[in-house]
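K.L.:
Numbering (our numbering), first residue to last: 1236 to 1814.
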Amino acid sequence: MKYLSKTTFWPFILFFVLINSHNNYANISSIVNRVDFKGEFSFSNNDLLKISKIALKQRYFPQQLPKAIENIEHYFAKTGYLFSRVDSVQTIFTADSFKVNLIFWINSGRQTYWGNINIRSDSLSVEFYNKYLSGFQNVYYSESNLEAAINQMLEAASNSGYPFAQIDVGDIVVRNDKDRYFADITIHIHENQRTYLSNILFDGNKNTKDYVLLRETGLPRGMLYSRKALNEAVVSLARMPILRSVEEPKLFKGNRDSVDVLIKVEEGNATNFDGVIGYMPPSPNDEDGKGYFSGVVDVSFNNLFGTGRSFAVHWKKPDTLSEEFHVKYVEPWIFDLPMNLAVGLDRIVRDTLYIEWNYNFNLNMHFFKNITVFTEIRQRSITPDSSASRNNRLTSNDITDLQIGIQYDTRDYHLNPTSGLFYKTSFTYGLKKIKGPSYIIEEDGLKSSDELQSYEIKFEWYLNVWKNQVFSLNLSGMHVSGSDIQVSDYFWFGGFNSLRGYRENQFFGDKVAWANLEYRFLVGRNSRLFLFNDWGFYDSPESGSTGNTLLPGYGMGVRFETALGILEVDYGLGKGDSF
1236 MKYLSKTTFW PFILFFVLIN SHNNYANISS IVNRVDFKGE FSFSNNDLLK
1286 ISKIALKQRY FPQQLPKAIE NIEHYFAKTG YLFSRVDSVQ TIFTADSFKV
1336 NLIFWINSGR QTYWGNINIR SDSLSVEFYN KYLSGFQNVY YSESNLEAAI
1386 NQMLEAASNS GYPFAQIDVG DIVVRNDKDR YFADITIHIH ENQRTYLSNI
1436 LFDGNKNTKD YVLLRETGLP RGMLYSRKAL NEAVVSLARM PILRSVEEPK
1486 LFKGNRDSVD VLIKVEEGNA TNFDGVIGYM PPSPNDEDGK GYFSGVVDVS
1536 FNNLFGTGRS FAVHWKKPDT LSEEFHVKYV EPWIFDLPMN LAVGLDRIVR
1586 DTLYIEWNYN FNLNMHFFKN ITVFTEIRQR SITPDSSASR NNRLTSNDIT
1636 DLQIGIQYDT RDYHLNPTSG LFYKTSFTYG LKKIKGPSYI IEEDGLKSSD
1686 ELQSYEIKFE WYLNVWKNQV FSLNLSGMHV SGSDIQVSDY FWFGGFNSLR
1736 GYRENQFFGD KVAWANLEYR FLVGRNSRLF LFNDWGFYDS PESGSTGNTL
1786 LPGYGMGVRF ETALGILEVD YGLGKGDSF
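1. Exposed or buried, which one is S1256 when buried takes at least 16 other CB atoms within 10 Å?
2. Just the Cα atoms here: how many angstroms apart are R1738 and E1686?
3. Check the DSSP bridge columns for K1668 and list the partner residues they point to.
4. Would you list the one or two residues that DSSP bridges to N1342?
5. If T1430 and S1493 are in contact, beta carbons under 8 Å, what's the gap, nearest whole angstrom?
6. For V1481, collect the residues of the same chain with a Cβ closer than 6 Å to its Cβ; drop the 5 residues on either side in sequence, then sort them by chain order.
7. F1528 lies in the beta strand (DSSP E); which residues open and close that run?
8. What residues in its chain sit with their C-beta under 7 Å from that of F1311, if we drop five residues either side in the sequence?
9. Could you check the C-alpha separation between S1369 and E1362 for me, to the nearest Å?
10. Nearest to T1630 by alpha carbon, out of D1403, F1278, L1681?
11. If you reduce the DSSP assignment to three classes, tell me which class Q1387 lands in.
12. Can you tell which of Y1589, D1271, D1331, S1393 has the C-alpha that lies nearest to the C-alpha of S1461?
13. Indicate whether the contact test is met: 3 or more Cβ pairs, each with one atom in the segment 1621-1630 and one in the segment 1708-1722, closer than 8 Å.
14. For I1234 and W1770, I'd like the C-alpha separation in whole angstroms.
15. Three-state secondary structure (DSSP) at E1275?
16. Answer yes if the segment 1329-1345 comes into contact with the segment 1394-1406, meaning at least three C-beta pairs across the two stretches below 8 Å, and no otherwise.
17. Using 10 angstroms around the beta-carbon of N1259, count the other beta-carbons present and answer buried if the total reaches 16, otherwise exposed.
18. In the DSSP assignment, what residue or residues form a beta bridge with G1759?
19. Shortest alpha-carbon distance to N1703 belongs to which of N1599, S1654, W1727?
20. Taking the beta carbon of P1553 as the centre, do at least 16 other beta carbons fall within 10 Å, making it buried, or is it exposed?
21. Measuring only the C-alpha atoms, how far is F1609 from N1373?
22. Report the rounded CA-to-CA distance for G1730 versus N1709, giving the unit in angstroms.
23. So which of P1567, E1566, V1578, I1512 has the shortest CA-CA distance to W1550?
24. For Y1690, write down the residues that DSSP places opposite it in a beta bridge.
25. Look up P1398 in the DSSP assignment and say whether it is helix, strand or coil.
26. Can you give the Cα-Cα distance for N1434 and G1396, rounded to whole angstroms?
27. Is it buried or exposed, R1415, if we count other Cβ atoms within 10 angstroms and call 16 or more buried?
28. Is L1588 near H1561, with beta carbons less than 9 Å apart?
29. Just reading off the beta strand (DSSP E) that N1593 is part of, what are its end residues?
30. Just the Cα atoms here: how many angstroms apart are D1774 and D1533?
31. Report the residue from L1359, N1306, D1412 whose alpha carbon sits nearest the alpha carbon of Y1348.
32. Let me make sure I understand the geometry here. Which of T1555, L1291, G1712, Y1754 has the alpha-carbon closest to that of V1267?
33. On the DSSP letters alone, give me the boundaries of the alpha helix (DSSP H) that S1545 sits inside.
34. With L1808 and G1759 assumed to form a contact (beta carbons below 8 Å), what rounded beta-carbon distance in angstroms separates them?
35. For M1458, is the classification buried or exposed, using 16 other Cβ atoms within 10 angstroms of its Cβ as the cut-off for buried?
36. According to DSSP, is A1623 helix, strand or coil?
As structure tokens, then:
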């Protein structure tokens, strides 16, 4: 690409004359004190100083001026001043020759506008490409804008089956029309051979079967080549919990009109065993109180027989009187559709209040890569402790729940995201049958059945604010309503996964919400250090809270990947806590 009618030879002669005239006065220890740029143009002195790459308060070398002139003229030319030139450079030394001031005299000339852009193409229509140049009318010529448009046209051709397209840009012809300069240009696009995907191959999957990865990409064999589709396939693979990393696809020429695609992956731990132990000290207000240990054990088989099936067991003991046990099996891609079926069993012992058994079936289906629609059927059985029935008026219930919801996920990596959004919302309708005790039904005038409605919402936002630094915002909210709701119908929260700095499931209510703010320092794909600030809210008539309970939590945490899994440690302080 070259510019016509550009003459910059004589200024260089003048420049060297000026340099030589000051050679007798220049001291080898002179430093650049000030740099000014004179002429008619709209750029600031600071901008041009950065473009020239001359550093203030540094030693002055006459040899650096030709490069500075070249940088300035190139910058002017890229922004539409095709006939700009540096007429001269004036050097002014102080009396002791220890400092030098530089003055660049610049003749910018008239700025050039975009003129006629003539597009020629071998295969795709000219109209297909015109939209990428539609914003060039009545604006100043810019080389960077032209380069961006060329990259967009190459990408569009690649997404339309032409990965080997090339673009030839002709000479820029500048014409004068009514005292305005216009740059006319011809662009010739050679799409070359239309290309199809012949084979999609994988490397690095020692345990996972190829068809498991292939179905996740959504790329059928023989499809028209699309770079966009390949990029989306990489994102889909990266979200799989069984993969640690996914590299950019590599193309290999197949037949005359086809290519083979090789995607290199690295598998994660197919089997995970995670153990967590925690200690809750006694309350500072309770002199006779005793601390206690809590614990969590997770055992998961994330890739049974290399087929993507998973089986997980979760056990948690948040305090001395409570316990949770969960079992879950997931069968992916039912009927070869992007649809997963999960079957689970839960057993929850809630303090000395009640025991809950929960049998659930979950079906979710993926749409458009980022959207998932799901439904779940749950059968819950609540058996209260005899003293809880008497003191807390708890009844024995059988509840059948039907839940429907939608999920939107653009996170780049689910374990340690650097960008993206996650949104999930659901509605649950429950039919509760009250079985007893009979004396509570009679004394409290309870009906034999009740209807429950609950809403849940979860939102996550990740912003890459600096290199390896991420701001994270997580919001969660839940609400349940019914004519006769009790403690077993409430939502419970607090602790490691919700409101840090407090005991596990310390709070409950018919309306609960919490927010988690984190500033993360990423030290690896699955590792990070972070500071956090949590806020919790709950409305619980059972415990006397009426909507004014706002709970802060703050602290720091770490996630480190080890050979046995990811080590997770959080240190949190709640309201009124000291270090």
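Ideal Cβ positions, reconstructed from N, Cα and C, are used throughout, including at glycine.
P.N.:
For this structure:
1. Note that S1256 scores a pLDDT of 44, beneath 50, so its modelled location is shaky; the value from the coordinates is reported in the next line. Exposed is the call here.
2. Between the C-alpha atoms of R1738 and E1686 there is a straight-line separation of about 31 Å.
3. Paired residue(s): D1633, S1684.
4. Beta-bridge annotation (DSSP): N1342 is paired with R1320.
5. About 6 Å separates the beta carbons of T1430 and S1493, which is inside the 8 Å limit, making them a contact pair.
6. Only residues of its own chain outside the window of five on either side were considered, and among them V1469, L1472, A1473, V1500 have a CB closer than 6 Å to the CB of V1481, listed in chain order.
7. Per DSSP, F1528 belongs to the beta strand (DSSP E) from 1527-1539.
8. Residues S1319, S1343 of the same chain have their beta carbon placed closer than 7 Å to that of F1311, with the five preceding and five following residues left out of the count.
9. So the alpha carbons of these two residues sit roughly 11 Å apart.
10. Closest option to T1630, Cα to Cα, is L1681.
11. Shown here, Q1387 sits in a helix according to DSSP, grouped into three states.
12. Comparing Cα-Cα distances from S1461 to each of Y1589, D1271, D1331, S1393, the minimum goes to S1393.
13. Touching, per the Cβ criterion.
14. Here the chain covers residues 1236 to 1814 and nothing more, so residue 1234 does not appear.
15. Reduced to three states, the DSSP call for E1275 is coil.
16. No, they do not touch.
17. Confidence is the limiting factor: at N1259 the pLDDT is only 43, short of 50, which leaves the residue's position unreliable and the question unanswerable from this model.
18. Answer by DSSP bridge pairing, in chain order: S1762.
19. For N1703, the nearest C-alpha among the options comes from S1654.
20. Buried, because 16 or more other Cβ atoms sit within 10 Å of the Cβ of P1553.
21. Near 51 Å, if we compare the C-alpha coordinates of N1373 and F1609.
22. Going by C-alpha positions, G1730 is about 15 Å away from N1709.
23. Considering only alpha carbons, the answer is I1512.
24. In the DSSP assignment, the residues bridged to Y1690 are F1662, H1714.
25. Taken through DSSP and simplified to helix, strand or coil, P1398 comes out as coil.
26. Straight-line Cα distance between these residues: approximately 15 Å.
27. An exposed status is given to R1415, since fewer than 16 other beta-carbon atoms sit within 10 Å of its beta-carbon.
28. No.
29. Per DSSP, N1593 belongs to the beta strand (DSSP E) from 1589-1602.
30. The alpha-carbon atoms of D1774 and D1533 are separated by roughly 31 Å.
31. With distances taken between Cα atoms, Y1348 lies closest to D1412.
32. Comparing Cα-Cα distances from V1267 to each of T1555, L1291, G1712, Y1754, the minimum goes to L1291.
33. First-last for S1545: 1544-1552, but that is the beta strand (DSSP E), not the alpha helix (DSSP H).
34. Rounded, the Cβ-Cβ distance is 27 Å, inconsistent with contact.
35. Of the other Cβ atoms in all chains shown, fewer than 16 fall within 10 Å of the Cβ of M1458; this residue is therefore exposed.
36. A1623: helix per DSSP, three-state reduction.
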